[in-house]
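Undergrad:
Here's what the structure looks like:
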């Protein structure tokens, strides 16, 4: 069904393929920049994959490359400020983020400071408070899950005041994303699974949330099919380059889908769970996804039924009576969860994730302040959120 | 053939929107005193927090501020220069009219990109819950069911007594 009205935007140029990184200097030239600040975290630096990026600059027209490899696991205000200072001191003219969600969010935060020529990031916390195009940002993801390379959001931690600072603006969208499977080959199975389930959640929620539209649907379907086909083989053989590239593409497409249709209760609870208990986002998505879908079932049954075609394949879809398809979609997700668990021991419940029962109320309370609830197809109050969290406990 | 086209300006539509903003602002002010749920939501906002509802590009606007006592104060349509912690901007007059004639709910309007929200996201959600509650007091249940995802639960006695108070005293006199 076509919505009465919708908007869709994805201006990010995407390069995908083995050795796609080799074109990085050429692409910087197209953007009119040649002094990148490359930022990453110690994990990426230690894994030995940064060489694929630095070697790409060999024999290129790039004037200088400044490398910062100390981004902490959670994007912090201090690091954002330090990077802005380095950017100015070294006379950089663009940012290249090499990493997962934290590195990409840090890059987006630093870009705000250098573009707005300020050190006060607090002035831009919230929705749509940026008013001019940012410096060119290139993103090279090293996980396949967040989709941050094509999204309008960033989350920075104010460690001093124990606050999470959310930023959303179309100006935060990178100019270029490079999906090169060499950057995710060494990712351990549990992290591969958690991040892929994050992407799966983006794709599935994008299909049922209030801003869904035909274009986001197409991206979501494609992402679901790629994850369904390639996740388990990649968990069994981490060196499967084709599978890794497929998951990177799925993550990117799911990012485009949810950036345009938004996400709902699963993400709200996941963010609450991360804030209250420090559960990694992908793990929380894996836990909450089937429960969130069941919560939304009454209003989204036909949509969930359609998803069975992509999650279960045409044979399963055809063999399932129309009235049972929505429930079968949730069962397929639970089946995928079980397969992942057998290989990686990725938690399927809050109990398995080590969350104490007394934290459940706090998770529900924190979820209520999450912007994702604005787009959930069913209204959510505290009691509803708590009921879903309790269902996800064991 | 070329000719100049002067953009029109619909005075009546703008007056209608200004009137609904006034009614909603006064009702929110009163309900932040007498409804426990609205009071609870507003008490969590920072003291002095200002929300501006505006229709782009030139208004009308309406400003609500959180007072020291933890209630809402309707500050009228004027711009007193106080920086808004949250701006809820309707992108054009037609969208505003759809919302203020209760043909489209605010949450649906967000989903349809008819509204631009600038500022603090948790407070944006909280004001949405307040808005839904205000509507539940002011409008027939059938309309509220159509324009909200979930009808706020309010006991019939409280709802009808408060509705009477709102229309007879609260909205006209701001008490």
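Protein chains in written order, with my numbering: chain A, 133 to 526; chain B, 49 to 223. Here a beta-carbon is modelled for each residue, glycine too, at the ideal position from N, C-alpha and C. Computed from a prediction, not measured in an experiment: that's the story for all the values here.
Checking contacts by CB at 8 Å: is residue 259 (chain A) closer than that to chain B?
TA: Numbered from its first residue, the first chain carries residue 259 (chain A) at position 127. Answer yes: the Cβ-Cβ gap between residue 259 (chain A) and chain B drops below 8 Å somewhere.
Undergrad: Answer with buried or exposed for residue 205 (chain B), where buried requires no fewer than 16 other C-beta atoms within 10 angstroms of its C-beta.
TA: Counting from 1 along the second chain, the entry for residue 205 (chain B) is found at position 157. Exposed, by the Cβ-count rule.
Undergrad: Within the 8 Å Cβ cut-off, does residue 136 (chain A) reach chain B?
TA: If you number the first chain from 1, residue 136 (chain A) lands on position 4. Chain B has a Cβ within less than 8 Å of the Cβ of residue 136 (chain A).
Undergrad: At what residues does the alpha helix (DSSP H) containing residue 521 (chain A) begin and finish?
TA: Residue numbering aside, residue 521 (chain A) sits at position 389 when the first chain is read from its first letter. First-last of the alpha helix (DSSP H) with residue 521 (chain A): 514-523.
Undergrad: From the DSSP output, which residues share a beta bridge with residue 226 (chain A)?
TA: Locating residue 226 (chain A) in the first chain gives position 94, where the first residue counts as 1. Residue 226 (chain A) is bridged to A:168.
Undergrad: Starting from residue 198 (chain B), find everything on chain A with Cβ-Cβ shorter than 9 Å and list it in chain order.
TA: Start at 1 with the first residue of the second chain, and residue 198 (chain B) comes out as number 150. Under the 9 Å cutoff, chain A gives 510, 511, 512, 513 and 516.
Undergrad: Spell out whether any CB of chain B is found under 8 Å from the CB atom of residue 139 (chain A).
TA: Within the first chain, numbered from 1, the residue matching residue 139 (chain A) stands at position 7. Chain B contact via Cβ: present.
Undergrad: When you compare the CB positions of residue 472 (chain A) and residue 308 (chain A), do they come within less than 8 Å of one another, or not?
TA: By one-based count along the first chain, residue 472 (chain A) stands at place 340. By one-based count along the first chain, residue 308 (chain A) stands at place 176. In this structure, residue 308 (chain A) does not lie closer than 8 Å to residue 472 (chain A) by Cβ.
Undergrad: Kindly indicate if chain A contains any beta-carbon less than 8 Å away from that of residue 175 (chain B).
TA: Looking up residue 175 (chain B) in the second chain gives position 127. No, its Cβ sits nowhere closer than 8 Å to a Cβ of chain A.
Undergrad: Check the Cβ-Cβ distances between residue 200 (chain A) and every residue of chain B, and say whether any is below 8 Å.
TA: Indexing the first chain from 1 puts residue 200 (chain A) at position 68. Interface with chain B (8 Å Cβ-Cβ cutoff): residue 200 (chain A) is excluded.
Undergrad: For residue 415 (chain A), is the beta carbon positioned less than 7 Å from some heavy atom of the ligand ADP?
TA: Annotation note on the ligand ADP: not contained in the displayed structure, which lists no ligands.
Undergrad: Please specify which runs of the beta strand (DSSP E), each continuous and at least 3 residues long, are wholly inside the region 278-314 of chain A, giving them in chain order.
TA: 285-290, 295-300 and 308-311
Undergrad: Tell me the DSSP secondary structure of residue 346 (chain A) in three-state form.
TA: For the purposes of this step, residue 346 (chain A) is identified with residue 214 of the first chain, where counting begins at 1. Here residue 346 (chain A) sits in helix by DSSP.
Undergrad: So which residues on chain B does residue 277 (chain A) lean against when the C-beta distance must stay under 9 Å?
TA: In the first chain, counting from the first residue as 1, residue 277 (chain A) sits at position 145. None at all; the shortest Cβ gap to chain B is about 22 Å.
Undergrad: Could you tell me the distance, in whole angstroms, from the CA atom of residue 534 (chain A) to the CA atom of residue 210 (chain A)?
TA: The structure shown has nothing for residue 534 (chain A), since chain A only spans 133 to 526.
Undergrad: Whole alpha helix (DSSP H) runs in the region 181-248 of chain A with 4 or more residues, listed along the chain?
TA: 183-186, 209-221 and 233-248
Undergrad: Can you pull the chain A neighbours of residue 169 (chain B), defined as C-beta to C-beta under 7 Å?
TA: As a first step, residue 169 (chain B) is located in the second chain; it is residue number 121 there, counting from the start. Here the neighbours are 258, 259, 298 and 503.
Undergrad: Per the contact definition of three or more C-beta pairs closer than 8 Å, is the region 361-377 of chain A in contact with the region 250-261 of chain A?
TA: no
Undergrad: Taking all protein chains shown into account, decide if residue 377 (chain A) is buried (16 or more other Cβ within 10 angstroms of its Cβ) or exposed.
TA: Looking up residue 377 (chain A) in the first chain gives position 245. Under this definition residue 377 (chain A) is a buried residue.
Undergrad: Give the secondary structure of residue 100 (chain B) by DSSP, where H, G and I count as helix, E and B as strand, and everything else as coil.
TA: Within the second chain, numbered from 1, the residue matching residue 100 (chain B) stands at position 52. It is a strand residue.
Undergrad: If you follow the alpha helix (DSSP H) that residue 157 (chain B) is in, where does it begin and where does it stop?
TA: Locating residue 157 (chain B) in the second chain gives position 109, counting from the first residue. For residue 157 (chain B), the enclosing alpha helix (DSSP H) starts and ends at 154-159.
Undergrad: Applying a beta-carbon distance threshold of less than 7 Å, which residues of chain A neighbour residue 121 (chain B)?
TA: Numbered from 1 along the second chain, position 73 holds the residue referred to as residue 121 (chain B). In chain order: nothing, as chain A lies at least about 22 Å away.
Undergrad: Could you tell me which residues DSSP puts in a beta bridge with residue 122 (chain B)?
TA: Within the second chain, numbered from 1, the residue matching residue 122 (chain B) stands at position 74. Paired residues: B:112.
Undergrad: Return the residues of the region 331-365 of chain A that lie within a Cβ-Cβ distance of less than 7 Å from chain B, sorted by chain order.
TA: Cβ contacts with chain B: 342 and 343.
Undergrad: If you draw a straight line from the alpha carbon of residue 298 (chain A) to that of residue 155 (chain B), how long is it in whole angstroms?
TA: Working through the first chain from its first residue, we reach residue 298 (chain A) at position 166. Working through the second chain from its first residue, we reach residue 155 (chain B) at position 107. C-alpha separation (whole angstroms): 20 Å.
Undergrad: If contact is defined by three or more beta carbon pairs under 8 Å, each pair taking one atom from either stretch, is the region 176-189 of chain A in contact with the region 342-357 of chain A?
TA: no
Undergrad: Against chain B, with Cβ distances strictly below 8 Å, would residue 558 (chain A) count as a contact?
TA: Residue 558 (chain A) cannot be examined here, being either before or after the span of chain A that is shown, 133 to 526.
Undergrad: How would you write the range of the beta strand (DSSP E) that residue 455 (chain A) sits in, first residue to last?
TA: In the first chain, counting from the first residue as 1, residue 455 (chain A) sits at position 323. Neither: residue 455 (chain A) is in no beta strand (DSSP E) and is coded neither H nor E.
Undergrad: Tell me the rounded alpha-carbon separation between residue 242 (chain A) and residue 278 (chain A).
TA: The sequence position of residue 242 (chain A) within the first chain is 110, counting from 1. The sequence position of residue 278 (chain A) within the first chain is 146, counting from 1. About 19 Å.
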